Amino acid sequence: MLLNETPLFEPSLLLELDWSSNPLSFSPPISPASPGEGLVLRPLCTADFNRGFFKVLSQLTQTGDVTPEQFTKKFEHMKQTGDYYVVVVEDTHLGQIVATATLITEHKFIHSCAQRGRVEEVVVSDVCRGKQLGKLLVSALTLLSKKLNCYKITLECAPNNVAFYQKFGYVSSHETYMQCRFST
Ligand SMILES: CC(C)(COP(=O)(O)OP(=O)(O)OC[C@H]1O[C@@H](n2cnc3c(N)ncnc32)[C@H](O)[C@@H]1OP(=O)(O)O)[C@@H](O)C(=O)NCCC(=O)NCCS
Numbered sequence: 001m002l003l004n005e006t007p008l009f010e011p012s013l014l015l016e017l018d019w020s021s022n023p024l025s026f027s028p029p030i031s032p033a034s035p036g037e038g039l040v041l042r043p044l045c046t047a048d049f050n051r052g053f054f055k056v057l058s059q060l061t062q063t064g065d066v067t068p069e070q071f072t073k074k075f076e077h078m079k080q081t082g083d084y085y086v087v088v089v090e091d092t093h094l095g096q097i098v099a100t101a102t103l104i105t106e107h108k109f110i111h112s113c114a115q116r117g118r119v120e121e122v123v124v125s126d127v128c129r130g131k132q133l134g135k136l137l138v139s140a141l142t143l144l145s146k147k148l149n150c151y152k153i154t155l156e157c158a159p160n161n162v163a164f165y166q167k168f169g170y171v172s173s174h175e176t177y178m179q180c181r182f183s184t
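Counting with the UniProt record's numbering, you get residues 1 to 184 for the letters of the sequence shown.
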């Protein structure tokens, strides 16, 4: 199966974010258009399968043994719905993905047929942590959700990451996160 560079979503969405409205400061000043020397922030493409995309995800959770065919099929499904914004940071010198995060938009009948955003799978490769990439990804997806007219954006995280997300304006909810798990 052919892996290629077709982006999951329109790349200009990231480049046209109103970065000046980002409440966080970056030192040195990086942005979606300039994430750092040798780095590119862009939508996921299927060629990222061979650039260590799953190696980065595996630092977050179990990924399973995914074949290129399974990956491509899932990618096509996500692309078709138009609701999946998986972004990656690529180290272009190494040709490797070093960070990723996902925004999903969920459609509602409530709030005048509104939509909300969900942040999922935020992970920076352990060798690249502490270089503002996590901050860049979450800032970009939070601004993107606003641009996409989401009325709110939510995420679930481990207690040790609460302080990280508070930087972006996320606050702990009084609601309890519940789940019913059918497999690991
Ligand atoms: C959490 C994670 C994404 C942060 O990415 P990172 O690139 O290392 O973080 P950054 O360099 O962008 O740090 C941004 C700021 O957050 C702070 N920070 C980083 N991780 C933090 C944490 N767990 N708790 C509180 N603050 C944190 C940094 O000190 C920095 O502060 P500053 O802006 O005041 O200097 C990364 O550590 C990671 O991938 N962890 C493993 C996977 C994970 O837990 N993902 C989150 C799932 S919900």
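No residue lacks a Cβ here, since even glycine has one placed at the ideal position from N, Cα and C. Note that this is a predicted model, so its numbers are computed, not measured.
For residue i, which residues in the same chain have their Cβ closer than 7 Å to its Cβ, ignoring the five residues on either side in sequence?
i	result
A47	L3, N4 and E5
C150	T105, Q115, R116 and G117
C157	Y165
Quick check on residue i: does DSSP put it in helix, strand or coil?
i	result
T154	strand
P43	strand
D126	helix
T105	strand
Q166	helix
G117	strand
Q179	coil
I110	helix
T142	helix
Taking the alpha-carbon of residue i as reference, which of the options has the nearest alpha-carbon?
i	options	result
S21	K147, P43 and Q132	K147
S172	I153, G134, L141 and E106	I153
V86	L143, L137, T61 and E37	L137
E121	L155, G38 and S139	L155
F164	D91, T63 and V123	V123
A140	T81, V119, D91 and T67	V119
F49	S125, T92 and Q70	Q70
K167	M178, T142, H174 and Y177	T142
F9	M178, Q80 and P23	Q80
C45	L144, C180 and F75	F75
P28	Q132, Y170 and R181	Q132
Once you ignore the five residues that flank residue i on each side, which residues in its own chain have a CB closer than 8 Å to its CB?
i	result
V127	V98
residue 185	Past the boundaries of the shown model lies residue 185; the chain is included only from 1 to 184, so the question cannot be answered.
P159	none
H93	G38
Can you list, in chain order, the residues of its chain whose CB lies under 6 Å from that of residue i, leaving out five sequence neighbours each side?
i	result
S31	W19
Segment contact flag, the stretch 100-114 with the stretch 39-59, C-beta cutoff 8 Å, min 3 pairs: yes
Write down every uninterrupted run of the beta strand (DSSP E) in the stretch 6-91 whose length is 3 residues or greater and which is fully enclosed by it, in chain order. 39-43 and 84-91
Looking at C-beta atoms only, is the number of pairs between the stretch 7-16 and the stretch 34-42 that lie closer than 8 Å three or more? yes
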